[in-house]
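**Student:**
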Amino acid sequence: MTKTQINKKTLLEIQAWLVNYLAKSLEVETTEIDIKASFDEYSLNSHDAIYLTGELEEWLGFELEATLLYEYTNIKELSEHLDSQDL
436 MTKTQINKKT LLEIQAWLVN YLAKSLEVET TEIDIKASFD EYSLNSHDAI YLTGELEEWL
496 GFELEATLLY EYTNIKELSE HLDSQDL
């Protein structure tokens, strides 16, 4: 098994990680996070987006584009994109 196969996460795992990350950052319950709501609705600024991307990179085990949260503007879109990546 290669390193990439070990680090491959499922769509639901990615969504859950993002929901948990946002809930913790915002100090709210996970049930208050809507995966279809834009990151802007959660008042993420550019610093927050960069930090989230860095944490997500570490968890996933591969490098992400710095502009990812601007291209995929909510948890649903972002997780679907990441799940579709051939690693």
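Numbering of the sequence shown is given in this note's numbering, commencing with residue 436 and proceeding in unit increments. No residue lacks a Cβ here, since even glycine has one placed at the ideal position from N, Cα and C. It should be emphasised that the depicted structure is a prediction, and the values quoted were computed from it without experimental measurement.
#1: Nearest-angstrom Cα distance between L461 and V454?
#2: Consult DSSP for N509 and reduce its assignment to one of helix, strand or coil.
#3: With a 10 Å radius around its C-beta and 16 neighbouring C-beta atoms as the bar for buried, classify S514 as buried or exposed.
#4: With DSSP as the reference, identify every bridge partner of S519, one or two as the case may be.
#5: Taking K459 as the reference, give the member of H516, D483, F497 with the closest Cα.
#6: Give me the Cα-Cα distance between Y505 and N480, rounded to the nearest whole angstrom.
#7: Can you tell me whether E476 is helix, strand or coil according to DSSP?
**Tutor:** The structure says:
#1: Rounded to whole angstroms, L461 to V454 spans 11 Å at the Cα level.
#2: The answer is strand: DSSP assigns N509 an E or B state.
#3: Classification of S514: buried, given that the 10 Å Cβ count is 16 or more.
#4: Answer is none; S519 lacks a bridge partner.
#5: Residue D483 is the option with its Cα nearest to K459.
#6: Spanning the two alpha carbons is a distance of roughly 11 Å.
#7: Reduced to three states, the DSSP call for E476 is helix.
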